[in-house]
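Enquirer: Can you keep this structure in mind? I'll have questions shortly.
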Amino acid sequence: RAQHDESADELARRERIFAAAQERYYAHPPQIERGWRHHLVDTTGRAYIDMVNNVAGLGHGHPRVAEAAARQLRTLGTNSRFLFRDLAEYSERLLALMPQGSGLDTVLLVNSGSEAVDLAIRLAQAATGRRTIVALREAYHGWTMASDAVTTSAYDNPFALETRPDWVHVADVPNRYRGTYRGDDTAGRYLDDLSADLAALDRDGRDAAAFLCESVLGNAGGVLLPEGYLAGAYERVRAAGGLCIADEVQVGFGRLGSTFWGFERAGVAPDIVTIAKPMGNGFPIGGVITSKRIADALATQGQFFSSAGGSTLSCRVGLAVLDAMVEDDLQRNAENIGARLADGLRALGDEHPMVAVVHGAGLYLGVELVRDRATMEPADAEAAAICERMRELGVVVLTTSERSNVLKIKPPLCLTAQSADQVVAMLGRVLREGW
Ligand code: PMP
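Structure follows, in structure tokens:
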């Protein structure tokens, strides 16, 4: 009771000083005090399995990162205008993660995914001398003016149709599950439509500077692109003189298991890659990786500098995160535990028609809930109720998609088999018992 009052007070305090648009989870959220590996602990000492915090990719409270940050804070804090070893070291380590021969040889460091997308757009426009950015429907790319302009999900940007700047062109999303064309073998039809869009832009004198998308449809619930779509899209955009931007903020950095980056699943290399979330394991780091030719075009717009982007602290933390990812073998864990989790979740679908499909790969999964598999009516209220009940049972899982009917699974990559099994068992229990 006392605990309930305490979190209610904290909630009221926050609501008083927060903007109405600022998001929060749960009607009655627990008050979180601590995190350890893939667990969250509330002020009563209750532990939850955390299926949400993809920013804490290594797991909460990773000692290696904490020690690196503490040591750096005591030693030196300055910015990228100075010469210090960690900046080049970190940039080289990031570049080494890019595919051989991709020409991705230059790094710009910022502090968040929104900034990275913003900068990627500026780079593409500067390098091509064109303005139009082609973005896919149903996507989230950030909150800054430019990254919000290419955020097309009706949930995140409901007023966009009226207010979207004229330099954004929204193309159809190749959602193989609920898009215009459905099924695995749909890339060709989506690509025909994209070609028609590019031709229309050309006719209107609005040629594409760049095509921007996530390599797995994150906001839609981890929906994998139809086979051949990304390669075909990149080919068409490049033939039209545009650049290709992969937003890997959410799906990249080892989370998909089988590949480090989402675009590698499609066997392509973008011209510009945006990265952020797990780079600092909670410390804010973002970046843009591109070719020197494209990066140098920014000089036409003056100098570039970010006060904290590429600082001594963010480089040190970034290096510690990369080391820990290797040491803890997290990409492989994402692949193995992700496969086990997906199998368990899919098996729930055999028993419960509401569990229509499990999207995604590795530890980036989406459990799409419907009222009727034939009509695919989104089970949004059910999904919200399931999340509340799961929280009571000790699992933090939340919804995504424009329809809020997909349980999004994006835990720290150190998730164990035991916890994965527990999550499946708890979801099975909630589906059986009702909520
Ligand atoms: N791009 C994608 C694909 C994202 O998912 C997000 C964040 N959800 C962003 C960009 C923006 O990142 P940030 O919140 O760090 O600004």
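Take the sequence shown: its letters are residues 546 to 980, numbered as in full-length UniProt numbering. We put the beta carbon where it would ideally sit given N, CA and C, even for glycine.
Taking the CB atoms as reference points, tell me whether A716 and V679 lie closer together than 8 angstroms.
Expert: Mapped onto the sequence shown, residue 716 falls at position 171. Mapped onto the sequence shown, residue 679 falls at position 134. Yes, the Cβ-Cβ distance between A716 and V679 is below 8 angstroms.
Enquirer: May I ask whether a heavy atom of ligand 2 can be found less than 7 angstroms away from the beta carbon of W688?
Expert: In the structure shown, ligand 2 is absent; the only ligands present are ligand 1.
Enquirer: For S692 versus V662, is the C-beta distance shorter than 8 angstroms?
Expert: Numbered from 1 along the sequence shown, position 147 holds the residue referred to as residue 692. Numbered from 1 along the sequence shown, position 117 holds the residue referred to as residue 662. Taking 8 angstroms as the Cβ cut-off, S692 and V662 qualify as a contacting pair.
Enquirer: Does the distance between the C-beta of Y570 and the nearest non-hydrogen atom of ligand 1 fall short of 7 angstroms?
Expert: Along the sequence shown, read from residue 1 onward, the residue named residue 570 stands at position 25. Checking the Cβ of Y570 against ligand 1 gives no.
Enquirer: Do you know offhand how far L618's Cα is from G827's?
Expert: Sequence index remark: in the sequence shown, residue 618 carries index 73 (1-based). Sequence index remark: in the sequence shown, residue 827 carries index 282 (1-based). Those two C-alpha atoms are separated by around 16 angstroms.
Enquirer: What are the boundary residues of the beta strand (DSSP E) that G832 is part of?
Expert: Position 287 of the sequence shown, counted from the first residue, corresponds to residue 832. Counting along the chain, the beta strand (DSSP E) containing G832 begins and ends at G831 to T835.
Enquirer: Give the C-beta separation of L775 and A811 to the nearest angstrom, bearing in mind that I take them to be a contact with Cβ-Cβ under 8 angstroms.
Expert: Your numbering for residue 775 matches position 230 in the sequence shown. Your numbering for residue 811 matches position 266 in the sequence shown. Yes, they are in contact, since the Cβ atoms of L775 and A811 sit about 4 angstroms apart, within 8 angstroms.
Enquirer: Taking Cβ positions, are T673 and A684 nearer each other than 8 angstroms?
Expert: By one-based count along the sequence shown, residue 673 stands at place 128. By one-based count along the sequence shown, residue 684 stands at place 139. It is not a contact, given that the beta carbons lie outside the stated cut-off.
Enquirer: For ligand 1, is there a heavy atom less than 7 angstroms away from the beta-carbon of S949?
Expert: For the purposes of this step, residue 949 is identified with residue 404 of the sequence shown, where counting begins at 1. Result no, Cβ not under 7 angstroms from ligand 1.
Enquirer: Determine whether the beta carbon atoms of P923 and N881 lie at a separation below 8 angstroms.
Expert: As a first step, residue 923 must be located in the sequence shown, where it is residue number 378. As a first step, residue 881 must be located in the sequence shown, where it is residue number 336. Not a contact, by the Cβ cut-off of 8 angstroms.
Enquirer: Whole angstroms is fine: what's the gap from G622's alpha carbon to F798's?
Expert: By one-based count along the sequence shown, residue 622 stands at place 77. By one-based count along the sequence shown, residue 798 stands at place 253. Going by the C-alpha atoms only, they are around 26 angstroms apart.
Enquirer: Starting from T945, follow the beta strand (DSSP E) in both directions and report where the run begins and ends.
Expert: The residue you call residue 945 lines up with position 400 of the sequence shown. Taken as a continuous stretch (DSSP letters only), the beta strand (DSSP E) holding T945 covers L943 to T945.
Enquirer: Taking the continuous alpha helix (DSSP H) assigned at G883, which residues delimit it?
Expert: Taking the first residue of the sequence shown as 1, we reach residue 883 at position 338. Residues L875 to E896.
Enquirer: In chain order, what residues of the same chain have a beta carbon less than 7 angstroms from the beta carbon of Y735, not counting five sequence neighbours either side?
Expert: If you number the sequence shown from 1, residue 735 lands on position 190. Excluding positions up to five away in sequence, the list reads D717, P719, Y726, P771 and Y774.
Enquirer: How should Y779 be labelled, buried or exposed, when 16 other C-beta atoms within 10 angstroms of its C-beta is the threshold for buried?
Expert: Mapped onto the sequence shown, residue 779 falls at position 234. So Y779 ends up on the buried side.
Enquirer: Please classify I562 as buried or exposed, where buried requires at least 16 neighbouring CB atoms within 10 angstroms.
Expert: Position 17 of the sequence shown, counting from 1, holds the residue named residue 562. It counts as exposed.
Enquirer: In chain order, which continuous runs of the beta strand (DSSP E) of length 3 or greater are located wholly inside the region 731-802?
Expert: Runs of the beta strand (DSSP E) inside the region 731-802: 753-758 and 788-792.
Enquirer: Assign H584 to one of two classes, buried (16 or more other C-beta atoms within 10 Å of its C-beta) or exposed (fewer than that).
Expert: As a first step, residue 584 is located in the sequence shown; it is residue number 39 there, counting from the start. So H584 counts as buried.
Enquirer: Excluding the five sequence neighbours on either side, which residues of its own chain have a C-beta within less than 8 angstroms of the C-beta of H714, listed in chain order?
Expert: Working through the sequence shown from its first residue, we reach residue 714 at position 169. Cβ within range, chain order: T677, I678, V679, A680, D742, L746, R751 and A753.
Enquirer: Nearest CA to the CA of R934: which residue from P574, V610 and R558?
Expert: Along the sequence shown, one-based indexing puts residue 934 at 389. Checked all of P574, V610 and R558; the closest Cα to R934 is P574.
Enquirer: Give the DSSP-derived three-state secondary structure of L556 in the structure shown.
Expert: The residue labelled residue 556 in the question sits at position 11 within the sequence shown. In the structure shown, L556 sits in a helix (DSSP, three-state: H, G or I).
Enquirer: Assuming contact is defined by CB atoms lying nearer than 8 angstroms, are A791 and F805 in contact in what I supplied?
Expert: Residue mapping note: residue 791 aligns to position 246 of the sequence shown, counting from 1. Residue mapping note: residue 805 aligns to position 260 of the sequence shown, counting from 1. No.
Enquirer: Around the Cβ of K837, are there at least 16 other Cβ atoms within 10 angstroms (buried) or fewer (exposed)?
Expert: For this step, residue 837 is matched to residue 292 along the sequence shown. Burial call: exposed.
Enquirer: When we look at the beta-carbon of L960 and count the other beta-carbons within 10 Å, is it buried (16 or more) or exposed?
Expert: As a working note, residue 960 is residue 415 in the sequence shown. Flag for L960 reads buried.
Enquirer: Taking Cβ positions, are L639 and L875 nearer each other than 8 angstroms?
Expert: As a working mapping, residue 639 is identified with position 94 in the sequence shown. As a working mapping, residue 875 is identified with position 330 in the sequence shown. Contact flag unset, no.
Enquirer: Could you check if A821 belongs to the surroundings of ligand 1, using beta carbon to heavy atom distance under 7 angstroms?
Expert: What you label residue 821 is simply residue 276 of the sequence shown in a count that begins at 1. Because some heavy atom of ligand 1 lies under 7 angstroms away, the Cβ of A821 counts as near it: yes.
Enquirer: How big is the Cα-Cα spacing for S625 and R721?
Expert: Translated into the one-based positions of the sequence shown, residue 625 becomes position 80. Translated into the one-based positions of the sequence shown, residue 721 becomes position 176. Using only the alpha carbons, I get a separation of about 43 angstroms.
Enquirer: Would you kindly work out how many angstroms separate the C-alpha atoms of L757 and R667, rounded to a whole number?
Expert: Here the question's residue 757 lines up with position 212 in the sequence shown. Here the question's residue 667 lines up with position 122 in the sequence shown. Roughly 12 angstroms separates the two Cα atoms.
Enquirer: Ignore the nearest five residues each way along the sequence and tell me which others in Y570's own chain have a CB closer than 7 angstroms to its CB.
Expert: Numbered from its first residue, the sequence shown carries residue 570 at position 25. Closer than 7 angstroms at the Cβ level, and outside the excluded window around Y570, lie L943.
Enquirer: Between the beta-carbon of A744 and the beta-carbon of C789, is there less than 8 angstroms?
Expert: Sequence index remark: in the sequence shown, residue 744 carries index 199 (1-based). Sequence index remark: in the sequence shown, residue 789 carries index 244 (1-based). No, they are not a contact pair.
Enquirer: Figure out for me which residue from G907, L910 and L952 has the closest Cα to the Cα of E927.
Expert: Counted from its first residue, the sequence shown places residue 927 at position 382. Nearest option by C-alpha distance: L952.
Enquirer: Cβ atoms of N656 and I830: under 8 angstroms apart, would you say?
Expert: As a working note, residue 830 is residue 285 in the sequence shown. As a working note, residue 656 is residue 111 in the sequence shown. Contact: yes.
Enquirer: Buried or exposed, going by whether 16 or more other CB atoms sit within 10 Å of the CB of R748?
Expert: The sequence position of residue 748 within the sequence shown is 203, counting from 1. Counting Cβ neighbours within 10 Å, R748 comes out exposed, since fewer than 16 surround it.
Enquirer: Based on Cα-Cα distance, which residue from V600, E913 and V866 lies nearest to G766?
Expert: Locating residue 766 in the sequence shown gives position 221, counting from the first residue. With distances taken between Cα atoms, G766 lies closest to E913.
Enquirer: Please confirm whether any heavy atom of ligand 1 lies closer than 7 angstroms to the CB of Q795.
Expert: Within the sequence shown, numbered from 1, the residue matching residue 795 stands at position 250. The answer is yes for Q795.
Enquirer: In this structure, does DSSP put R936 in helix, strand or coil?
Expert: To locate residue 936, count along the sequence shown from 1; it is residue 391. In the structure shown, R936 sits in a helix (DSSP, three-state: H, G or I).
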